[in-house]
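Using our numbering, the first residue of the sequence shown is number 145, and each one after it goes up by one. One structure below.
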Amino acid sequence: MSVRAAGAVTLKRASEIDRMRAAGQILAGILDVLRADLRPGVTTGDLDAIAEGMIRDAGAVPSFLGYGSNPPFPGSICASINDEVVHGIPSTRRRLADGDVVSIDIGCILDGWHADCARTWTIGAVPRAVGNLLDATRRGMEAGIAAARPGNRLGDIGGAIEAVAHERGYGIVRPFVGHGIGQSMHEDPQVPNYGRPGTGLRIEVGMCFAIEPMFNLGGDEVFVADDNWTVRTVDGSLSAHFENTIAVTADGPQVLTERP
Ligand code: MG
145 MSVRAAGAVT LKRASEIDRM RAAGQILAGI LDVLRADLRP GVTTGDLDAI
195 AEGMIRDAGA VPSFLGYGSN PPFPGSICAS INDEVVHGIP STRRRLADGD
245 VVSIDIGCIL DGWHADCART WTIGAVPRAV GNLLDATRRG MEAGIAAARP
295 GNRLGDIGGA IEAVAHERGY GIVRPFVGHG IGQSMHEDPQ VPNYGRPGTG
345 LRIEVGMCFA IEPMFNLGGD EVFVADDNWT VRTVDGSLSA HFENTIAVTA
395 DGPQVLTERP
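See the structure below:
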C-alpha cells in the first residue's frame, strides 16, 4: 500500500517505483518496435495489434483498452495523426502517409502498477517547422521533468513547460493535462502544462507523475470529435505530444519509461 501525502496524492516506496519502472520498460521496448514499423501504408490498427501483443507477451495488461465509457476506448494505443492531438482511435482503415505526423500514446499495467508514455514521429520528409514543433514538445517534456524535484511545486513543472512553448509561440493544449500515476492510471494531482513557478502543491519524494505536454503549431484551442475520443485542433494545425512517467526521488526525477 502506498502512503498518502497531503490531499489524495499517494507517495510510492522505492519497491513500488521499481514495479512501475518494470511496466515502463515494457512500453519503452514497444515504442522502439513501433517506431521501426512506421512507414507509408501501415495502418494504426496494425500498430495497435503489435502493441497489444507485446504488452500481453510481457505479462502485462493494456491500460487504455476498455478505458472509460461512451464508448470504452477500443485500442491499446492512441494513434493521433496531424491535427489530432491525443486519444485518436487506432483503425485498420487508417493508413499512414508520407509527411504525416503521428503521436503514439501507450500504457500498461504490470502486477497492478501503471506506466504511461507517448512519442510523436514523422513519416518521411516534413517541413522544418514540423520538426521544430516536435523538438520543442520533447524539450517541453524534459523541462517539466527537470522541474519535478523535491521541494519544488507543481507550478514549476507547468511553468517550465509553458516557457518552452512560448519560445516559438506554439499553442499549449490546456484542457488535457499530466497526472499522478501508480495503482491507477490517473491519480491526483493533475499536472498542467502551464502554470506559475513557485505555486501549487509541493513536490515530495515518492510522488510519481505522467508529464505530457501537447503543443500545437497554431493556437491553443482543441475539440473532441464525433467519436467522443479524438481530440483535434480547432484551427486544423499540427500537434505533437510527448509523455514520460517519472518518479520523484531524493536525487531528483527518474524517468521510468525510457531505457537507462
Ligand atoms: Mg497520460
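Beta carbons are placed, not taken as given, at the ideal position from N, Cα and C, and that holds for glycine. What you are looking at is a predicted structure, and each value in this text was computed from that prediction instead of being measured.
(message) According to DSSP, is G189 part of a helix, a strand, or is it coil?
(response) Here residue 189 refers to the residue found at position 45 of the sequence shown. Correct three-state label for G189: helix.
(request) Determine the burial state of N372: buried for a count of at least 16 other Cβ atoms within 10 Å of its Cβ, exposed for fewer. (result) For the purposes of this step, residue 372 is taken as residue 228 along the sequence shown, with counting starting at 1. The residue in question, N372, is exposed, as its Cβ has fewer than 16 Cβ neighbours within 10 Å.
(message) Can you tell me where the alpha helix (DSSP H) holding D300 begins and where it ends?
(response) Numbered from its first residue, the sequence shown carries residue 300 at position 156. Here the alpha helix (DSSP H) through D300 covers L298 to E311.
(request) For G284, name the three-state secondary structure that DSSP assigns. (result) As a first step, residue 284 must be located in the sequence shown, where it is residue number 140. In the three-state DSSP reduction, G284 falls in the helix class (H, G or I).
(request) In the DSSP assignment, find the unbroken alpha helix (DSSP H) run with V177 in it and report its ends. (result) Taking the first residue of the sequence shown as position 1, residue 177 is located at position 33. From DSSP, the alpha helix (DSSP H) with V177 extends over A158 to D181.
(request) Pull up the DSSP beta-bridge partners for R263, would you. (result) Position 119 of the sequence shown, counted from the start, is the residue given in the question as residue 263. Answer by DSSP bridge pairing, in chain order: I248.
(request) Please confirm if the region 296–303 is in contact with the region 333–340, defined as three or more CB-CB distances below 8 angstroms between the two stretches. (result) Yes: the two stretches touch, three or more of their Cβ pairs being nearer than 8 angstroms.
(message) So, under 8 angstroms CB-CB, M285 and E387 are touching, yes? Tell me the CB distance rounded to an integer number of Å.
(response) By 1-based counting over the sequence shown, the position of residue 285 is 141. By 1-based counting over the sequence shown, the position of residue 387 is 243. Indeed they touch by this definition, with Cβ atoms about 7 angstroms apart.
(message) Suppose you measure from the CA of V378 to the CA of C222; what does that come to, to the nearest Å?
(response) Taking the sequence shown and counting its residues from 1, one reaches residue 378 at position 234. Taking the sequence shown and counting its residues from 1, one reaches residue 222 at position 78. Rounded to the nearest angstrom, the two C-alpha atoms are 19 angstroms apart.
(message) For W257 and E196, I'd like the C-alpha separation in whole angstroms.
(response) Against the sequence shown, residue 257 aligns to sequence position 113. Against the sequence shown, residue 196 aligns to sequence position 52. C-alpha separation (whole angstroms): 17 angstroms.
(message) Using only the alpha-carbon positions, how far apart do V246 and R346 sit?
(response) The sequence position of residue 246 within the sequence shown is 102, counting from 1. The sequence position of residue 346 within the sequence shown is 202, counting from 1. Going by the C-alpha atoms only, they are around 34 angstroms apart.
(message) Considering only DSSP beta bridges, list what S383 is partnered with.
(response) In the sequence shown, residue 383 corresponds to position 239, counting from 1. As computed with DSSP, S383 is found in a beta bridge with N360.
(request) Give me the Cα-Cα distance between A150 and R183, rounded to the nearest whole angstrom. (result) Against the sequence shown, residue 150 aligns to sequence position 6. Against the sequence shown, residue 183 aligns to sequence position 39. Caution is warranted here: a pLDDT of 49 is assigned to A150, below 50, making its placement in the model unreliable, and no coordinate value can be reported.
(message) Following a CB-centred definition, is A354 positioned closer than 7 angstroms to any heavy atom of the ligand MG?
(response) Counted from its first residue, the sequence shown places residue 354 at position 210. True, at least one ligand heavy atom lies under 7 angstroms from that Cβ.
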